[in-house]
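In full-length UniProt numbering, the protein residues as written are 1 to 190.
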């Protein structure tokens, strides 16, 4: 991935840094694709920020939507999907734990997790985030562009199969519509 990061324009680098800061802010042990979505919105220049806002994708809105979607999923989306595949319903587990130990028993974040991230200064990307960044590179290559910009990261996220990020976007705008707008935005900037 080092070669890919050499192709990142300043805005794309800022998006990745903002994604890391977002993961730290919410005490997540890994940078997820949804953090990249928020990071790209944070790092967006004014024209891109306006485009995203027109589609209902603002930094505050994305943070709020993500918090609402993850409030009931303390293990994370990948964990929930893996458990669901073997017949374990996290909602049922949560209900039983709250019945036994009190409401909100799973809501706290471990101070330990945040401390490790702050001490090490590095938070790894989860699989979906890595895939989204690889797809961002492919988007730039397909467009014959030499650098990766926040728009390419967004296009990579739209191509990814990460359900959490897809849900955040689809709550406001169809993926195909946002993809078309982002492509037009890049075309106009070329």
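Using N, Cα and C, we set each Cβ at its ideal position, and we do this for glycine too.
Query, Result
"When DSSP labels each residue in this structure, what does residue 86 get in the three-state scheme?", "coil"
"Determine the closest residue to residue 126 out of 18, 25, 32 and 23, with distance taken between C-alpha atoms.", "32"
"Excluding sequence positions up to five away, which residues of its chain have a Cβ less than 6 angstroms from the Cβ of residue 129?", "31, 32, 33 and 36"
"For the stretch 50-66 against the stretch 161-179, do three or more pairs of beta-carbon atoms, one drawn from each stretch, fall closer than 8 angstroms, so that the two count as touching?", "yes"
"Where does the unbroken alpha helix (DSSP H) through residue 165 begin, and where does it stop?", "163-170"
"Below 8 angstroms on the Cβ atoms is my contact criterion, and I expect residue 143 with residue 186 to pass it. Report the Cβ-Cβ distance as a whole number of Å.", "7 angstroms"
"Let's test the definition: count the other Cβ atoms within 10 Å of the Cβ of residue 132 and tell me whether it reaches 16, buried, or not, exposed.", "buried"
"What do you get for residue 28, buried or exposed, if any count of 16 or more other CB atoms within 10 angstroms of its CB means buried?", "buried"
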